[in-house]
Every structure is written in C-alpha cells, then in structure tokens.
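For the record, the sequence lines run as chains A and B. Be aware that the first sequence starts at 484, since it is given in this note's numbering, and climbs by one per residue. Be aware that the second sequence starts at 2, since it is given in this note's numbering, and climbs by one per residue. Beta carbons: idealized from backbone N, C-alpha and C, even for Gly. Treat the numbers as computed from the prediction; the structure is a model and nothing was measured. In what follows, a structure is listed as structure tokens, so that the remarks can point back to it.
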Amino acid sequence: DSGVTQTPKHLITATGQRVTLRCSPRSGDLSVYWYQQSLDQGLQFLIQYYNGEERAKGNILERFSAQQFPDLHSELNLSSLELGDSALYFCASSLWAGQGLGNTIYFGEGSWLTVV
Amino acid sequence: GENVEQHPSTLSVQEGDSAVIKCTYSDSASNYFPWYKQELGKGPQLIIDIRSNVGEKKDQRIAVTLNKTAKHFSLHITETQPEDSAVYFCAASSRGGADGLTFGKGTHLIIQP
Chain A
484 DSGVTQTPKH LITATGQRVT LRCSPRSGDL SVYWYQQSLD QGLQFLIQYY
534 NGEERAKGNI LERFSAQQFP DLHSELNLSS LELGDSALYF CASSLWAGQG
584 LGNTIYFGEG SWLTVV
Chain B
2 GENVEQHPST LSVQEGDSAV IKCTYSDSAS NYFPWYKQEL GKGPQLIIDI
52 RSNVGEKKDQ RIAVTLNKTA KHFSLHITET QPEDSAVYFC AASSRGGADG
102 LTFGKGTHLI IQP
C-alpha cells in the first residue's frame, strides 16, 4: 500500500458527461500529480500541484482540470468526455515539488474510467 | 521534450535466470532515472532509481546502470523469481522535473517456472 488513496476505483459514464476523480496523498506529502495510462499512449503526465498551487503541466487537455485543496487532497475533473478518454487515471504524491532528483513519487492504485 | 524508448516490450525468462531491460532517453539534461514495477490491478511502484552523477546502483537482486554519454540506462534482475512477473517501466526526468516524469512504454516480464 503506497498510502495514496484514489476514489472511485471504477467509473462508467456516457460520452459528453463530466466526472470528478479524487485523490488523497500520503500523509505529509505536499505534491500531487495526475497521470493517465492508456494502451496506446502509455503513462502520461497530466498535471502537478504543490501545496495548493499548480506546479507543472503536461499533456492535459483543455477539457480536463484539476485542483489541490487546503487539506492537500486533489480532484481531477474531466468534462465533455469522449470515448478516447477511457483510461486508467493515477494520482501520485511526493514530499516536495521536484519530479526528479530523488524525490520519490508514490502512485495510488488508479481510477478506471470507461466512457461508453 | 524528453522521449524515452524501452526494449523489449515482452521478456520471458526461466526462473533463476537474469533479466535485462534497456531504455534510451533523448534529453541530455535529464538527471533522474527511476524504474517502476506495476502488477496487475495496481499502481506503479518505485523499485530503484539512479541519478546522473552515479553510474550504477544495486539493491539486492536488482541493479541499474546508466551511461550518460550514450544516453541509455538498464535494469538488471538476477535470480528471477515468480513474483518478479510484472510490467516494468523506466522513466526520465528533465528540466528539474518541470515536464514531469517521461515513461517508457513498459516491458512485460514473464518468469517461466
């Protein structure tokens, strides 16, 4: 158990809908990351927050947004969903901001999103 | 941005033999190279990492080597066991992590009994 908690574990929704994925980081971790895993694209970095502020942005679509709340939990909002958004969405956390230099990033078990 | 290539995509070895997975990266500024293991239904788990100022690092049966000149790094697993069966991902971090971790496509390691 990495200590990163994600809900829901599975979600099925229709095209055009909006969903919210929730993440609680490991106790003491200030940085939260969102990654998308799909068969064709692999693991792709979406966005990072550090202590409530957006820190880095990756391949996140404009239809997607995220935020980190004062209690450090984070939510990833996916709107106007398309079939191609079906994927496993991972939240990860680390103690501080740098995604390298030995700042270990711990992944949650993911939220499976199926868009039908 | 960074591009990470990982080979092979599938690797089958006999239990007890060694397994080697190789990755190359494109950005010479990358300075951190973690390896993750992902078991079915679980999130990736860090198993070992190496920084650019180190050529090799070992942790029991696993080791990672880094060749900065050639821009490639490898994961070595010795005395493989059935529980080593999983998908392994290499990753690289450049620009101090500002672009996030860039992952390879993964290697499905199968340990044959």
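Partner residues in the beta bridge of isoleucine 51(B), as assigned by DSSP, are Phe34(B).
Taking 8 angstroms as the upper bound for CB-CB distance, glutamate 592(A) and glycine 107(B) are not in contact here, some 17 angstroms apart.
Across the stretch 43 to 60 of chain B, CB contacts with chain A closer than 8 angstroms involve Lys43, Gly44, Pro45, Gln46, Leu47, Asp50 and Arg52, in sequence order along the chain. Of all residues in the stretch 527 to 538 of chain A, those with a C-beta nearer than 9 angstroms to a C-beta of chain B are Gln527, Phe528, Leu529, Ile530, Gln531 and Arg538, reading in chain order.
The stretch 534 to 553 of chain A makes no contact with the stretch 484 to 498 of chain A: fewer than 3 CB pairs, one atom from each, lie closer than 8 angstroms. Taking 8 angstroms as the cut-off, the Cβ atoms of valine 598(A) and threonine 498(A) count as close. What lysine 72(B) touches in chain A, judged by beta-carbon distance under 7 angstroms, is nothing: the nearest beta carbon there is about 16 angstroms away. According to DSSP, residue pairing for tryptophan 517(A) in a beta bridge involves Ile530(A) and Cys574(A). Per DSSP, the beta-bridge partners of leucine 561(A) are Val502(A) and Phe547(A).
For glycine 17(B), no Cβ of chain A is located within less than 8 angstroms of the residue's own Cβ. In this model, valine 5(B) and glutamine 527(A) are separated by some 12 angstroms (Cα to Cα). Distance from the CA of valine 88(B) to the CA of arginine 546(A), rounded to the nearest whole angstrom, comes to 30 angstroms. Residue nearest to asparagine 54(B) within the set Val65(B), Lys69(B), Ala64(B) and Ile63(B) is Lys69(B) (criterion: CA-CA distance). With fewer than 16 other beta carbons inside 10 angstroms of its own, arginine 62(B) counts as exposed. Between the stretch 555 to 573 of chain A and the stretch 16 to 35 of chain B there are fewer than three inter-stretch CB-CB distances shorter than 8 angstroms, so the stretches are not counted as touching. Closest option to tyrosine 516(A), judged by alpha-carbon separation, among Phe552(A), Gln524(A), Trp595(A) and Ser557(A): Ser557(A).
Ranked by Cα distance from lysine 38(B), the first of Lys58(B), Leu67(B), Glu84(B) and Ile51(B) is Glu84(B).
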